[in-house]
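Just so you know, we're using my numbering here: the sequence shown kicks off at 1 and counts up by one. Quick reminder that beta carbons are idealized off the backbone N, C-alpha and C, glycines included.
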Amino acid sequence: MSHTPAYVVALDVGGTSMKGGLVSENGVVLLSERRPTPRADGPEAVVTAIRDFIGHLAETGDGNPAGVGLAVPGLVSEDTALYAANLGWRDIPAQDFTDLGVPVVLGHDVRTGGLAESVLGAGRGAADFLFLPIGTGIAGAMIVDGAPYGGAAGWSGEIGHIPVFPDGEQCACGQYGCLETYASAASVGRRYAQRAGLENAKAEQVVVSDDPIAIEVWDEAVEALSLALATYTLLLDPAMIVLGGGLSQAGPALFDPVRTRLVKRLSFREAPPLLPAALGVDAGMLGAALLGWRAAGRPDLGASWDVDVRAAPLVS
Numbered sequence: 001m002s003h004t005p006a007y008v009v010a011l012d013v014g015g016t017s018m019k020g021g022l023v024s025e026n027g028v029v030l031l032s033e034r035r036p037t038p039r040a041d042g043p044e045a046v047v048t049a050i051r052d053f054i055g056h057l058a059e060t061g062d063g064n065p066a067g068v069g070l071a072v073p074g075l076v077s078e079d080t081a082l083y084a085a086n087l088g089w090r091d092i093p094a095q096d097f098t099d100l101g102v103p104v105v106l107g108h109d110v111r112t113g114g115l116a117e118s119v120l121g122a123g124r125g126a127a128d129f130l131f132l133p134i135g136t137g138i139a140g141a142m143i144v145d146g147a148p149y150g151g152a153a154g155w156s157g158e159i160g161h162i163p164v165f166p167d168g169e170q171c172a173c174g175q176y177g178c179l180e181t182y183a184s185a186a187s188v189g190r191r192y193a194q195r196a197g198l199e200n201a202k203a204e205q206v207v208v209s210d211d212p213i214a215i216e217v218w219d220e221a222v223e224a225l226s227l228a229l230a231t232y233t234l235l236l237d238p239a240m241i242v243l244g245g246g247l248s249q250a251g252p253a254l255f256d257p258v259r260t261r262l263v264k265r266l267s268f269r270e271a272p273p274l275l276p277a278a279l280g281v282d283a284g285m286l287g288a289a290l291l292g293w294r295a296a297g298r299p300d301l302g303a304s305w306d307v308d309v310r311a312a313p314l315v316s
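Shown next, in the form of structure tokens:
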């Protein structure tokens, strides 16, 4: 049998699906695969599904992996999934996710994606930047001095709950006027549907529409985002801001007006560059691979990688 380069198992766990893969020591994605997250079956079922998925991926490699990296939602330390409301988790040790007997490191899903963008993507070479994926919700990864910053208790990056309009709509978190309430993909669709008298709508309908209601909703989303980014810039002076997630696929319809308003709001200083994320939906899995190599005692491997995730075989 030909020798397969040493590899790690990398898994990005989301509320609806999981993306896993095998990533070699020279940054080659040997295999990637998706599975549903059985959230409706309860927290133990999700843990079991993760353990089975990791075992299945490892079986396709040559021998045991060098380590396992997991990107998971909620409050997390490197060795414990402390709390995840969407998955019903509380204080689950990292080793519960695999029976392979290899080192495991956990990471917060957004910060793990930010780590990947820092080492392999749009933020490569930048010591300080913000990675902000805009999807169903909004949370950011603060890259400070070259590493994701978790804060005193692991709650950093909750930019989606900055009150941009203090007298505005109530957010699901209980506050009023949060960025997420106006600028997340889910909220853009919801707010348009409410005003247009529709049962539901998607953010994509709002972005491309010349409907006056859609224009108004989109303008409010852009305004909210520019306010939050101006606040972040004035506090932390990032070298750049990297926008990802589903809403970033709007391209110039999002980037151009946000960039213009950010420049206007930062009247006495230069605005940081506003860039699209480079790794897309693969950021979490690639970040988990970096965590897996850290678990294996090789934290600096990613610096020399030239990862082309499009070349990876995907099993649906």
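Status (buried if at least 16 other CB within 10 Å, exposed otherwise) for residue i
{"i": "residue 169", "result": "exposed"}
{"i": "residue 314", "result": "Here residue 314 scores only 40 on pLDDT, less than 50, and its place in the model should not be relied on; the value that follows carries that caveat. Classification of residue 314: exposed, given that the 10 Å Cβ count is below 16."}
{"i": "residue 19", "result": "buried"}
{"i": "residue 151", "result": "exposed"}
{"i": "residue 187", "result": "buried"}
{"i": "residue 212", "result": "exposed"}
{"i": "residue 2", "result": "Bear in mind that the predicted position of residue 2 carries a pLDDT of just 45, short of 50, making it too unreliable to give a figure here."}
{"i": "residue 267", "result": "exposed"}
{"i": "residue 153", "result": "exposed"}
{"i": "residue 233", "result": "buried"}
{"i": "residue 226", "result": "buried"}
{"i": "residue 118", "result": "buried"}
{"i": "residue 42", "result": "exposed"}
{"i": "residue 38", "result": "exposed"}
{"i": "residue 178", "result": "buried"}
{"i": "residue 304", "result": "exposed"}
{"i": "residue 229", "result": "buried"}
{"i": "residue 89", "result": "buried"}
{"i": "residue 73", "result": "buried"}
{"i": "residue 272", "result": "buried"}
{"i": "residue 12", "result": "buried"}
Beta-carbon spacing of residue i, residue j below 7 Å
{"i": "residue 144", "j": "residue 108", "result": "no"}
{"i": "residue 274", "j": "residue 294", "result": "no"}
{"i": "residue 288", "j": "residue 71", "result": "yes"}
{"i": "residue 7", "j": "residue 24", "result": "yes"}
{"i": "residue 206", "j": "residue 192", "result": "yes"}
{"i": "residue 10", "j": "residue 285", "result": "yes"}
{"i": "residue 22", "j": "residue 290", "result": "no"}
Reference residue i; option with closest CA among the options
{"i": "residue 36", "options": "28, 46, 27 and 30", "result": "46"}
{"i": "residue 282", "options": "91, 113, 163 and 104", "result": "113"}
{"i": "residue 280", "options": "266, 306, 292 and 245", "result": "245"}
{"i": "residue 86", "options": "65, 97 and 44", "result": "44"}
{"i": "residue 16", "options": "30, 27, 34 and 10", "result": "34"}
{"i": "residue 231", "options": "285, 174, 165 and 60", "result": "165"}
{"i": "residue 124", "options": "248, 242, 98 and 74", "result": "242"}
{"i": "residue 138", "options": "235, 110 and 117", "result": "110"}
{"i": "residue 78", "options": "271, 94, 63 and 149", "result": "94"}
{"i": "residue 270", "options": "239, 224, 13 and 278", "result": "239"}
{"i": "residue 253", "options": "214, 265, 278 and 172", "result": "214"}
{"i": "residue 299", "options": "12, 13, 26 and 21", "result": "26"}
{"i": "residue 80", "options": "68, 67 and 96", "result": "96"}
Check: residue i C-beta below 6 Å from any heavy atom of the ligand HEM
{"i": "residue 231", "result": "The ligand HEM is not among the ligands present in this structure, which contains no ligands whatsoever."}
Bridge partners - residue i, DSSP secondary structure assignment
{"i": "residue 10", "result": "21 and 69"}
{"i": "residue 149", "result": "DSSP output for residue 149 lists no bridge partner at all."}
{"i": "residue 274", "result": "241"}
{"i": "residue 176", "result": "170"}
{"i": "residue 138", "result": "134"}
{"i": "residue 90", "result": "83"}
Check your understanding: With contact counted as at least three CB pairs below 8 Å, one residue from each stretch, are the stretch 46 to 66 and the stretch 132 to 139 in contact?
Key -> no
Exercise for review: Inspect the CB distances between the stretch 220 to 229 and the stretch 179 to 189 and report whether three or more fall short of 8 Å.
Suggested key: Counting Cβ pairs under 8 Å, three or more are found: they touch.
Exercise for review: Taking 8 Å as the threshold, find out whether the stretch 92 to 105 comes into contact with the stretch 295 to 303 through three or more Cβ pairs.
Suggested key: yes
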